[in-house]
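Residue numbers (the working numbering): 30 to 360.
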């Protein structure tokens, strides 16, 4: 039975209080804060940190999959970079998953398929602790949230529209499908991981699916980290595995242009201390201003030193010969 051997996570250290965001834009603060990547951090560096958190013990993976909607390169594979950092052989299989918020769960499913098909024995997915009971996928063409290459930030229709006709409908369908395959009732699940673009988003879906939101829904970290996008389901899964007991049933769902659902049974094996999600959330640095955040993420431009090819040192050194040349040209 295929499953999860280990889980690693990486959380940026910096935090931006939502009060500063509200103050800057003149709105009302939703409370809490959001995680902010440093000026030299991106989805690739965070993925590398997460894979290094797995440790060097145990067999080496035969494949590395990278999943994100904000890859640092438009045309260059990030998984190959991760494999190089891990010092894996050139024969390792590498692949990037992108362009949808369910890229993370789709990468996990691809890894499970690779193991089941025999093309890989172990796969790193930059996300044994759990075994897979059942999986189910729903593909759905729904223009809810999107971003073109020319757009820096995602766009979306009003929340009520997507919540009803996209998010709620598709997740309800995939949850029903995976529970049928696993032959489980909703009440049998110990932990349920649902995408959480807003704090209230999963509540109605959980109720419609027959779930107890207070008892079964996994903390999304929206208040402490914000919406972490494609990484969110796997980050929540890593946190759930840290406290899971043997035989706990865990349902994880990824949403975006459809949905993926995976039911896992925890083995109860302990997670290595000091690398958990909770600890990384606790260790933080608060940004003092919105301006610092904007500079980190290159949302504003500041005056910089000229970057022309002519060097000030060379101009100073050759100033007299140059002057003579210009004088001679006038004659």
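We put the beta carbon where it would ideally sit given N, CA and C, even for glycine.
Sequence-distant Cβ neighbours of residue 81 in its own chain, meaning closer than 6 angstroms and more than five residues away, do not exist here. In this structure, the CA atom of residue 265 is about 6 angstroms from the CA atom of residue 249. For residue 274, same chain residues with a beta-carbon under 6 angstroms away, outside a window of 5 residues either side, are 297 in chain order.
Boundaries of the beta strand (DSSP E) harbouring residue 62: 62 to 65, taken from the DSSP string.
With fewer than 16 neighbouring CB atoms inside 10 Å of its own CB, residue 276 falls in the exposed class. Here residue 168 is exposed: its Cβ has fewer than 16 other Cβ atoms, across all protein chains shown, within 10 Å. With 16 or more other Cβ atoms from the protein chains shown falling within 10 Å of its own Cβ, residue 165 counts as buried.
Residue 208 sits in a helix when the DSSP states are folded into three classes.
In this structure, 43 is the residue among 43, 77, 55, 57 with its C-alpha nearest to the C-alpha of residue 68. Pairing residue 236 with residue 104, the inter-Cα distance amounts to about 42 angstroms. Secondary structure at residue 201: helix, using DSSP grouped into helix, strand and coil.
Here the alpha carbons of residue 286 and residue 178 stand approximately 18 angstroms from one another. The continuous stretches of beta strand (DSSP E) do not include residue 322, which lies in the alpha helix (DSSP H) extending over residues 319 to 325. For residue 295, the enclosing beta strand (DSSP E) stretches over residues 287 to 295. The three-state secondary structure of residue 160, taken from DSSP, is strand. The C-alpha of residue 311 is placed about 25 angstroms away from the C-alpha of residue 279.
Minimum Cα-Cα distance from residue 261 among the listed residues 190, 191, 130, 329 corresponds to 130. When secondary structure is reduced to three states using DSSP, residue 218 falls in the coil class, being assigned neither helix nor strand. If you draw a straight line from the Cα of residue 256 to the Cα of residue 63, it is about 8 angstroms long.
In the three-state reduction of the DSSP assignment, residue 258 falls in the helix class, which pools H, G and I. Cβ neighbours of residue 258 within its own chain (closer than 7 angstroms, five residues either side excluded): 98, 130. In this structure, 116 is the residue among 143, 314, 116 with its C-alpha nearest to the C-alpha of residue 77.
Inter-residue distance for residue 138 and residue 118 is about 23 angstroms (C-alpha atoms, whole angstroms).
Taking 8 angstroms as the upper bound for CB-CB distance, residue 316 and residue 75 are not in contact here, some 17 angstroms apart. By alpha-carbon distance to residue 240, the top candidate from 263, 229, 225, 214 is 214. Note: residue 122 is bridge-paired with 92 in the DSSP secondary-structure output. Under the three-state reduction of DSSP, residue 174 is assigned to strand.
Annotation: residue 175 to residue 324 spans about 25 angstroms, alpha carbon to alpha carbon. Secondary structure of residue 46 (DSSP, three-state): strand. Following the DSSP letters along the chain, one finds residue 239 in no beta strand (DSSP E), marked with neither H nor E. Beta-bridge analysis with DSSP links residue 33 to 159.
Residue 294 sits away from residue 111, with the two beta carbons spaced by 8 angstroms or more. By the Cβ neighbour-count rule, residue 254 is buried, with 16 or more other Cβ atoms within 10 Å of its own.
Each residue's CA atom was taken as its position, placing residue 140 and residue 85 some 20 angstroms apart.
For residue 168, the three-state secondary structure derived from DSSP is strand. Residue pairing by DSSP places residue 184 opposite 175 in a beta bridge.
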